Each structure stands twice: as C-alpha cells, then as structure tokens.
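Per our numbering, residue 7 is the first one in the sequence shown, and the count goes up by one each step.
The next block holds one structure in the form of structure tokens; read it before the comments.
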Amino acid sequence: MAKSTFAPKQIRANGLQFKKSIVIMWAMVKKNIKNQYRRSVLGILWTVLNPLLTMLVMAFVFSNIFGRGNISMDYPVYVLSGNIVFSLMRTATTMALPCMVNNYDLLTKTRVPYFVFPASNVVSSLVTFGFSLIAMIIVMLIRIPAGVQFHWTLFMIIVWLPAIFLFSLGLALALCSIYVRFRDIKHLYNVFLTLWMYLTPVFYAPSLLSDKVRTVLFVNPMYHYLNYFRDLIVGTVPGWQTHVLIYAIGIVTMLLGWLVFKSQRKSFIIYI
C-alpha cells in the first residue's frame, strides 16, 4: 500500500516541479529578449533590422568585391539565410556560456533545476530566429522581381528546428559547465566562432574551396543544417538520409552536452 500511495504523490510532485520550471524558463526567455535591446530606441525591432543590415553589408562586400561564385540561389537571400541560421547557434551558445555564473543568486535561493538556465537561453535564440525569419520573408518579397519564389517547403522548417535546437542545446550545456571552472573559454570560444563561421558557407559557394577544405566542410555540422534550410527555401525536400544526419548530430551533441553538464552539476555552487 505504501508504494501505491507514494507513486501518485511523486508524480504530482514531479508535475508541479515541471510546471514551475516551465514558468521560470519562460520568464527568463522574456527577460533575455528584453535585455538584448534594453534602452534602445527601436527595441525589439532590432531583431528584424539586425539580420537585414548584416545581409546588406555582406551582400555588397562579397558580391561586388569578391564575387558570388557558383551560387544559383538569389544572393541576398543566400546570404541572409546563412546568417540567420548561423546566428541561431551562435546566439544560443554565447548567451548560455555564462548563464550559470550570472544566475548564482537563483541557483542558491531557489530549487529550480539547473537545466533551465542554459535551456532558456537556447529558447530565447529560437524566438530571435523567428523574428529573423520575418526579415528573410521581407527580403524574399522584395526580390520577387529578381526571380525569388515562395514554396510550400518553407513550412518544413518546423521539422528542421528541433534538430538544430538539440544541437545548440547540447553545445550550450557543455559550454556553460566548462565556463564555471574555466572562465577563459569565453575568449577562446569567440575566436573559435569566427573560424567556424568562415568554415561555414554563409556568404560563399562551397565550390570555391579546394577539395581538402571541402572535406573539412562536410564534417562541419552547421554546413548540413544550412544546406537543409536553403533547400527548403528553393523548394527542395531533403532526402531521408539528410533528416537522419541532422537529427543524429543533434541527438549525439545533446547527449554529450548533458553528460558533461550532469558530471559538473554538483560542483557549480563551489566554483561559482
């Protein structure tokens, strides 16, 4: 009898804890979004303007100075799609990097699962990505006279999003765990992100690279997430192998990140 009464109580307690975690995570997401553009005149409109302005600069520089290379896709849409996809991962991981240290008071004064802190930053980056999609749609509308078309495959972004979410969350979990003990990783990671961006075809065609560099490009996870996203824009449905690949990358990264996070969780309070 004791076991039969314990189980429902435990389930209810877990359910209440889960609901509490969701409420706190959503509150942190809203706080993160507001803090990004606090005291700016245009406020949250910058989530749309930022990718647009970045696209204009990159399209001008790489189209008129270095050349577009072998890119069949409309170049401004090509640049913008690459930028918002890479920014999704970059924003998620850089925001999550110091999250355990920055939320020390909440860690010590509340019984919130530690997982909530990096997860809220990744969810915040997804919200920002949603605004960036609006910017991309605006550019696509403007570029219709240049031959840009809208395809139903754009709706398959909802299939693609969970995969890159898992990938970004796995990186975020590992990075915020390492940052607690090794603060210099913040500077090293910024340098690594710059290198990573140039090894991802955000603004250039992979055909411009040598065979050896293209081999490195193929083992770059963001290359596959970017290719999938661009395929949807031009109306192509990626094959089942591509679906398996992007989800395998996301799940494996998530599991590895969770193992690192779990192994360091008990030492967070000590080292912070």
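By construction, the Cβ of each residue, glycine as well, lies at the ideal position given by its N, Cα and C atoms.
None of the values given here were measured: they were computed from a predicted structure.
In the three-state scheme derived from DSSP, where H, G and I count as helix and E and B as strand, I28 is classed as helix. Under the DSSP assignment, Q270 falls in the alpha helix (DSSP H) whose first and last residues are 246-270. Excluding residues up to 5 positions away in sequence, L238, V243 lie with their Cβ nearer than 8 Å to the Cβ of M162 in the same chain.
Pairing V128 with A169 gives a Cβ-Cβ distance that is not under 8 Å. According to the DSSP assignment, F123 belongs to the alpha helix (DSSP H) that extends over 122-148. Between the C-alpha atoms of P212 and P227 there is a straight-line separation of about 14 Å.
Burial check for H193: the Cβ neighbour count within 10 Å stays below 16, so the residue is exposed. Straight through space, the alpha carbons of L86 and L205 are spaced by roughly 17 Å.
DSSP places H157 in the coil class of the three-state scheme, outside both helix and strand. Residue environment for V197: exposed (fewer than 16 other C-beta atoms within 10 angstroms of its C-beta).
Distance from A178 to T248 at the Cβ level is roughly 24 Å; contact not present, criterion being Cβ atoms closer than 8 Å. In this structure, L232 places its C-beta atom within 8 Å of the C-beta atom of P207. With 16 or more other Cβ atoms inside 10 Å of its own Cβ, Y195 counts as buried.
Per DSSP, reduced to three states, the secondary structure at G176 is helical.
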